[in-house]
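Q: Each number in the working numbering comes from the position in the sequence shown (counting from 1) with 17 added on.
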Amino acid sequence: MKILFTFACLALLVASCGNTKLKVEQISSVHLEYSPATDLNFGSSFEGRILAMMHNGDELDITTHRKLDFISADVSKSGKKFTIVKLPSNFDDNAVAVAFSVSDKDETFQAQDSIIMNFRGGLSIYGTGSWGADGEDQKDRGSRILLRDGKPGDDGTNGQPGSSGGSYEAHIWKEGEMYYVYVRDLNSINAWKYKTLATSTVLFDLSGGTGGRGGKGGGGGDGKDGSKDDDGKVKRPGDGGPGGHGGHGGNGGNGGSVHVVLHTNASGISPQLKYNLSGGSGGEGGKGGQGGQPGDALEGQANGSSGSNGRPGSAGSWGASGNSTVEFKAFDFEQFKQ
């Protein structure tokens, strides 16, 4: 791992070689750089750059390059923002792993790196509900081939509800300058083991998931034109088909719950415990489909009718807020170290 000491120097260096075309076969190493002042804790987000060192000594910023694949179960990436998402299963878990793959045709360069935690800044423990799936948008109908009137548009399907936040129990105690947090999922056998400096906040984010968006209703089909055949038989212009209705948005998931057991030696962190137990927002209702157009009338014929527009779907409801409780209690924390 190589840590960036001066962003200004890096900016000058990258600017001097930013116009150089990235050739995979000329890469000698790839690494992640970030400021040494960065707070690195579980749940932390930070700005960083992925840099490729070339054989000729140039250093290229490839953070958002199309040839780069960022691979990690421990860290998520969005543009130049990185978030530590690892769920530690051991109190000695002090690092997260990242990998890079740079490919171009038949050439591939792969590298690995690691981020060493300093446990500064806030500790974030996530048990958020997942988002509901969006409803399916429907296609617009085309013009009629056989029948006169346009076919009705299909209704958009409803969005799925967001899931509720998790239900947890957390035991917190202090040893030296570190607080230890043992978190157990009450709905499974899963447990996670965190530690953080005494100056840190501890956030339990157990917010409910957002409901899925309702699907768009399909547009109604157009009616056939008025016509007169060789035998003089006249056919009226067809009416436009009605648009399909929009699907309803899914309801938001409920916020989760957490019961915190604070050891008597860890009471000082009580003001630093933070919670996000809000319910998830409901999904938006889908738009109604447009009504189809009537067919063209022959001279002297009455015009056909346009199809009615579909109704928009209703938005989903917000989920209910969760709850938290705290008790102060002496307990044998050695049992949680196993």
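Don't be surprised by glycine CBs; every beta carbon is placed ideally from N, CA and C.
Quick check on DSSP: helix, strand or coil for F126?
A: Taking the sequence shown and counting its residues from 1, the one referred to as residue 126 is at position 109. Three-state DSSP puts F126 in a strand.
Q: Helix, strand or coil, according to DSSP, for E344 in the structure here?
A: Within the sequence shown, numbered from 1, the residue matching residue 344 stands at position 327. E344 sits in a strand when the DSSP states are folded into three classes.
Q: Rounded to whole angstroms, what's the CA-CA distance from G176 to S160? Just pull it up for me.
A: In the sequence shown, residue 176 corresponds to position 159, counting from 1. In the sequence shown, residue 160 corresponds to position 143, counting from 1. Each residue's alpha carbon lies about 29 Å from the other.
Q: How would you call P105, buried or exposed, if buried means at least 16 neighbouring beta carbons within 10 angstroms?
A: Counting from 1 along the sequence shown, the entry for residue 105 is found at position 88. Around the beta carbon of P105, a 10 Å sphere encloses 16 or more other beta carbons of the protein chains shown; the residue is thus reported as buried.
Q: In or out: H82 buried (at least 16 other Cβ within 10 Å) or exposed?
A: Reading the sequence shown from its first residue, position 65 is the one you call residue 82. Exposed.
Q: Using the rule of at least 16 other Cβ atoms within 10 Å of the residue's Cβ for burial, across every protein chain shown, is K304 buried or exposed?
A: Looking up residue 304 in the sequence shown gives position 287. Buried, by the Cβ-count rule.
Q: What do you get for H72, buried or exposed, if any count of 16 or more other CB atoms within 10 angstroms of its CB means buried?
A: If you number the sequence shown from 1, residue 72 lands on position 55. Exposed, since its Cβ has fewer than 16 Cβ neighbours within 10 Å.
Q: Under three-state DSSP, which class holds G264?
A: Residue 264 sits at position 247 when you count from the first residue of the sequence shown. In the structure shown, G264 falls within a coil segment according to DSSP collapsed to helix, strand and coil.
Q: Would you decide whether R158 is buried or exposed? Buried here means 16 or more other CB atoms lie within 10 Å of its CB.
A: Position 141 of the sequence shown holds residue 158. Classification of R158: buried, given that the 10 Å Cβ count is 16 or more.
Q: Which residues bound the beta strand (DSSP E) around K250?
A: Working through the sequence shown from its first residue, we reach residue 250 at position 233. For K250, there is no enclosing beta strand (DSSP E), as DSSP gives it neither H nor E.
Q: Note the first and the last residue of the continuous beta strand (DSSP E) segment covering D222.
A: Translated into the one-based positions of the sequence shown, residue 222 becomes position 205. Bounds of the beta strand (DSSP E) holding D222 are 219-222.
Q: How should N58 be labelled, buried or exposed, when 16 other C-beta atoms within 10 angstroms of its C-beta is the threshold for buried?
A: Numbered from its first residue, the sequence shown carries residue 58 at position 41. It is buried - the Cβ of N58 has at least 16 other Cβ atoms within 10 Å.
Q: With DSSP run on the structure shown, which of helix, strand or coil describes I189?
A: Along the sequence shown, read from residue 1 onward, the residue named residue 189 stands at position 172. Strand, per DSSP.
Q: Check the C-beta distance from D171 over to G297 and give it rounded, since I have them as a contact under 8 Å.
A: The count along the sequence shown starts at 1 and reaches residue 171 at position 154. The count along the sequence shown starts at 1 and reaches residue 297 at position 280. Not really, about 28 Å apart at Cβ, beyond 8 Å.
Q: If I'm right that D202 touches G183 with Cβ under 8 Å, what's the distance once you round it to whole angstroms?
A: Residue mapping note: residue 202 aligns to position 185 of the sequence shown, counting from 1. Residue mapping note: residue 183 aligns to position 166 of the sequence shown, counting from 1. Going by Cβ atoms, the distance from D202 to G183 rounds to 6 Å, so yes, they are a contact pair.
Q: Closest by CA to G228, which one among G267, S205, G236?
A: In the sequence shown, the residue the question calls residue 228 occupies position 211. Among G267, S205, G236, the Cα nearest to that of G228 belongs to G267.
Q: What residue range does the beta strand (DSSP E) around R66 cover?
A: Within the sequence shown, numbered from 1, the residue matching residue 66 stands at position 49. Looking at the DSSP string, the run of the beta strand (DSSP E) that includes R66 is 66-71.
Q: Whose CA, out of D130, I67, F117, N107, lies closest to the CA of I207?
A: To locate residue 207, count along the sequence shown from 1; it is residue 190. Inspection of the sequence shows that residue 207 is occupied by Asn rather than by Ile. If we check each option's Cα against that of N207, N107 comes out closest.
Q: Quick check: what's the CA-CA separation for R328 versus N293?
A: In the sequence shown, the residue the question calls residue 328 occupies position 311. In the sequence shown, the residue the question calls residue 293 occupies position 276. Cα to Cα, the separation comes out at about 35 Å.
Q: Could you please give the first and the last residue of the uninterrupted beta strand (DSSP E) stretch that includes L85?
A: By 1-based counting over the sequence shown, the position of residue 85 is 68. 85-88 is the span of the beta strand (DSSP E), which, as asked, contains L85.
Q: Measure from the alpha carbon of Y199 to the alpha carbon of each residue in G317, L39, G74, Q352, then state which is nearest.
A: What you label residue 199 is simply residue 182 of the sequence shown in a count that begins at 1. When each option's Cα is compared against that of Y199, the closest is Q352.
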